[in-house]
Amino acid sequence: MSRDGKDLTGGPQSRTGGDAVFSSTYGRLAINRAGSTLAESRSVQVSPLVSEAPVAADTAARNPDVLPEFVKQFSWIVPANDLGRWSNSWEDIELPEALQEATAKRQLHFRAGRYCALRALEALEGRPVTTVLAQTAGGAPLWPEGVTGSITHTDGFVSAAVARTSQVDALGIDTERIMSVERAARSSAAIAWPSEMAHMRAIGFDRLEALTLVFSAKEAIFKCLYRKVGRIFDYRDVRIVAAVLHPGTFTARIVQTLSPDFPAQTLLHGRFEINSSWVHTGMVLSSGLLRA
Ligand SMILES: CC(C)(COP(=O)(O)OP(=O)(O)OC[C@H]1O[C@@H](n2cnc3c(N)ncnc32)[C@H](O)[C@@H]1OP(=O)(O)O)[C@@H](O)C(=O)NCCC(=O)NCCS
76 MSRDGKDLTG GPQSRTGGDA VFSSTYGRLA INRAGSTLAE SRSVQVSPLV
126 SEAPVAADTA ARNPDVLPEF VKQFSWIVPA NDLGRWSNSW EDIELPEALQ
176 EATAKRQLHF RAGRYCALRA LEALEGRPVT TVLAQTAGGA PLWPEGVTGS
226 ITHTDGFVSA AVARTSQVDA LGIDTERIMS VERAARSSAA IAWPSEMAHM
276 RAIGFDRLEA LTLVFSAKEA IFKCLYRKVG RIFDYRDVRI VAAVLHPGTF
326 TARIVQTLSP DFPAQTLLHG RFEINSSWVH TGMVLSSGLL RA
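If you're matching positions, the sequence shown starts at 76 in the working numbering and goes up one per residue.
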């Protein structure tokens with residue numbers, strides 16, 4: 076991120092060293108995106124159709140390539156309508172008071188997210204972790220001292236990423252299923268400026284992919300900055316101003332000052348990956364620079 080030229084997020088960072096903490100057992104599948112150069116050069120590991128071949132409960136999904144190598148991430152592809160089948164993996168994880176009356180799906184998503192967070196924390200610490208991860212009033216997970224992280228869950232995919240605060244001030248991840256036409260029609264005006272859609276269309280995405288990517292990038296930005304900013308902010312307070320396909324990177328500009336540390340014109344950098352029907356985004360806020 077830059078403020079008057081200062082880059083706080085450290086710019087796009089490659090994870091090509093492949094520090095997936097838990098390697099996948101899935102076969103390799105070339106992404107086939109008609110009309111996109113992605114199809115020519117990208118080959119990623121994704122699960123088979125999860126509804127036909129459920130992932131073993133002890134198997135982590137391949138982590139999306141949206142974070143620096145030192146971040147530990149644990150991802151899980153879970154059959155969308157079959158979450159409960161895996162619940163024995165995380166039935167010990169306590170629900171907060173606020174979720175006691177929530178739907179079964181919401182409770183399962185919460186527990187699955189915490190499960191992934193504990194596995195990611197174990198990778199970071201190199202030992203078993205049973206920490207209870209509470210929630211802040213704003214809904215963000217309360218990470219152990221010296222750790223920051225982020226959780227996402229959507230139909231069929233759950234993930235958590237953690238890092239030491241000695242390395243990053245904050246991070247945010249988000250995964251979304253590519254939006255339906257109906258959802259896009261309902262939400263596009265609130266989420267995306269025409270110029271943001273134009274940036275995404277210019278690098279080869281169709282309208283639904285473009286909107287989902289703008290949405291996911293803003294959700295990742297929100298999760299990354301929320302505790303630093305100290306309040307909720309709007310999709311229109313931040314604008315995507317650039318995107319590159321290889322590697323998948325985006326740049327956003329704060330258009331309404333969010334806090335003294337995040338004034339208007341600040342640039343934020345993140346990464347994205349689109350595979351199967353998911354859009355994954357991630358962003359880190361570089362350690363120390365906020366305090367400099
Ligand atoms: C909170 C929000 C970002 C969650 O995103 P989502 O796509 O709906 O859901 P995801 O599954 O990806 O993420 C949910 C997780 O985000 C985390 N989260 C929730 N609120 C959070 C916050 N204020 N800060 C950081 N992380 C938060 C939680 O871990 C949550 O899972 P859990 O409740 O099971 O622990 C979203 O619901 C929201 O309120 N957005 C409005 C604000 C916004 O995005 N503004 C855009 C600014 S550019």
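No residue lacks a Cβ here, since even glycine has one placed at the ideal position from N, Cα and C.
Check your understanding: In terms of residue numbering, what span does the beta strand (DSSP E) encompassing ILE226 cover?
Key -> 222–229 is the extent of the beta strand (DSSP E) around ILE226.
Review point. In the DSSP assignment, what residue or residues form a beta bridge with GLU251?
Key: Bridge partners of GLU251 according to DSSP: VAL354.
Review point. What is the DSSP secondary structure of SER334, counted as helix, strand or coil?
Key: Strand, per DSSP.
Check your understanding: DSSP on THR206, reduced to helix/strand/coil?
Key -> THR206: coil per DSSP, three-state reduction.
Practice item. Pull up the distance between the alpha-carbon of ARG311 and that of ARG346, whole angstroms please. Key: In this structure, the CA atom of ARG311 is about 20 Å from the CA atom of ARG346.
Point to revise | Distance between ALA273 and SER164 (C-alpha atoms, nearest Å) | key: The C-alpha of ALA273 is placed about 43 Å away from the C-alpha of SER164.
Exercise for review: Use the C-beta contact count for ARG261: other C-beta atoms within 10 angstroms, 16 or more gives buried, fewer gives exposed.
Suggested key: An exposed status is given to ARG261, since fewer than 16 other beta-carbon atoms sit within 10 Å of its beta-carbon.
**Study point:** Delimiting residues of the alpha helix (DSSP H) encompassing SER270
**Key:** Looking at the DSSP string, the run of the alpha helix (DSSP H) that includes SER270 is 269–277.
Practice item. Tell me, please, whether the stretch 210–230 touches the stretch 276–283 by the rule of three or more beta-carbon pairs shorter than 8 Å. Key: Touching, no, given that fewer than three Cβ pairs across the two stretches are closer than 8 Å.
Point to revise | Close-in-space but distant-in-sequence residues of the same chain around PRO203 (CB under 8 Å, 5 per side omitted) | key: Shown here for PRO203: same chain residues with a beta carbon closer than 8 Å to its own, the five before and five after excluded, namely GLU197 in chain order.
Check your understanding: Going by Cα to Cα distance, which pick from VAL207, LEU199, HIS228 and THR205 is closest to VAL222?
Key -> In terms of Cα proximity to VAL222, the closest of VAL207, LEU199, HIS228 and THR205 is LEU199.
Exercise for review: Please work out which residues of its chain come closer than 6 Å, Cβ to Cβ, to PHE308, disregarding the five sequence neighbours upstream and downstream, and give them in chain order.
Suggested key: So the qualifying residues of the chain are LEU333.
Point to revise | Beta bridge counterpart(s) of ARG328 as assigned by DSSP | key: The partner list for ARG328 (beta bridge, DSSP) reads ARG314 and LEU342.
Check your understanding: By Cβ distance below 7 Å, which residues in the same chain neighbour MET254 in space, the five residues on each side in sequence not counted?
Key -> Within the same chain, Cβ atoms closer than 7 Å to the Cβ of MET254 are found at LEU283, LEU286 and THR287, the five residues on either side in sequence being excluded.
Point to revise | Where the alpha helix (DSSP H) containing ILE152 begins and where it ends | key: It is not in any alpha helix (DSSP H) - ILE152 instead sits in the beta strand (DSSP E) that spans 147–152.
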